[in-house]
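Visitor: Quick one: the structure is below, and I'll ask about it shortly.
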Amino acid sequence: GEDVEQSLFLSVREGDSSVINCTYTDSSSTYLYWYKQEPGAGLQLLTYIFSNMDMKQDQRLTVLLNKKDKHLSLRIADTQTGDSAIYFCAEIRPNRDDKIIFGKGTRLHILP
Amino acid sequence: SQTIHQWPATLVQPVGSPLSLECTVEGTSNPNLYWYRQAAGRGLQLLFYSVGIGQISSEVPQNLSASRPQDRQFILSSKKLLLSDSGFYLCAWARGGQGINNSPLHFGNGTRLTVT
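So, in structure tokens, the structure goes:
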């Protein structure tokens, strides 16, 4: 299909790991992004991964990329209350003027 | 460093009134500029993008329009607002240039528009 797919909600206990999954569509995408949106705010770039990488780690964040299945995931270790937000996956579509297409976002809820 | 400014932060307008939202970018030249809309409970919809002054590409036919009168200024307008125009409008910029643009998008803080 044409859409970048994400599950809409995820609940995780504080201190556990959160894993947010995304399925993208364009096998020629060069970069894949994760953005974070806190309530009432714009989107903040969290991290990104180049398509020739399988994994990227940045402090508590780990991005895994499975190009064969066009699957991207974001793992947040030791989830904190400040991680409560909506997380958007996005891909570049080189065959469509390099447009960046977003998923609908996953709302991460932290349980005490 | 680069910064992006969007205003106003919130706006309440009656149906049929005009709209003008402004976005400016500082600290970079010849950026690609974008307008997105985020409706409640939905993802981001790309409305317009611009790769240069006076160059506007429209993604979705609607009663909105965009203009880029200066290199780092992007304006979203409407002559007559509809109820369905309510939403959260986000301006974004990315590094411009030839070839594959691997520059991520950087967003403003958004404008919450309510059409009554």
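Quick note, the sequences are listed as chains G and Y, same order. Heads up, the first sequence is in the working numbering, so the first residue is 433 and it goes up one at a time. Heads up, the second sequence is in the working numbering, so the first residue is 2 and it goes up one at a time. Every residue, glycine too, gets a C-beta built ideally from N, C-alpha and C. Because the structure is a prediction, the values reported are computed rather than measured.
1) Output needed for residue 488 of chain G: all residues of its chain with C-beta closer than 6 Å, excluding positions within five of it in sequence on either side, in chain order.
2) Using 8 Å as the limit for Cβ to Cβ distance, is residue 480 of chain G near chain Y?
3) Give me, in chain order, the residues of the same chain whose beta-carbon lies closer than 8 Å to that of residue 440 of chain G; leave out the 5 immediate sequence neighbours on both sides.
4) Express the C-alpha separation of residue 71 of chain Y and residue 442 of chain G in angstroms, rounding to a whole number.
5) At a Cβ cut of 9 Å, what residues of the region 448-469 of chain G count as close to chain Y, listed as they run along the chain?
6) Mind reading off the beta-carbon distance from residue 506 of chain G to residue 497 of chain G? Whole number of angstroms is fine, and I expect it under 8 Å.
7) Between the C-alpha atoms of residue 467 of chain G and residue 509 of chain G, what's the straight-line distance to the nearest angstrom?
8) With 8 Å set as the bound, which would you pick, yes or no: does the beta-carbon of residue 493 of chain G sit closer than that to a beta-carbon of chain Y?
9) Are the CB atoms of residue 479 of chain G and residue 486 of chain G within a distance shorter than 8 Å?
10) Please return the same chain residues whose Cβ sits closer than 6 Å to the Cβ of residue 453 of chain G, not counting the five positions on each side in sequence.
11) How long is the line joining the alpha carbons of residue 534 of chain G and residue 520 of chain G, rounded to whole angstroms?
12) Using 10 angstroms around the beta-carbon of residue 543 of chain G, count the other beta-carbons present and answer buried if the total reaches 16, otherwise exposed.
Guide: So, to answer that:
1) Cβ contact annotation for residue 488 of chain G (same chain, cutoff 6 Å, sequence separation greater than five): 481, 495, in chain order.
2) yes
3) 536, 537, 538, 539
4) If I take the Cα positions, the gap works out to 42 Å.
5) 462, 463, 465, 467, 469
6) At roughly 11 Å, the Cβ-Cβ gap does not stay under 8 Å, so residue 506 of chain G and residue 497 of chain G are not in contact.
7) 17 Å
8) no
9) Their beta carbons are not under 8 Å apart, which means residue 486 of chain G does not touch residue 479 of chain G by this criterion.
10) 505
11) 6 Å
12) exposed
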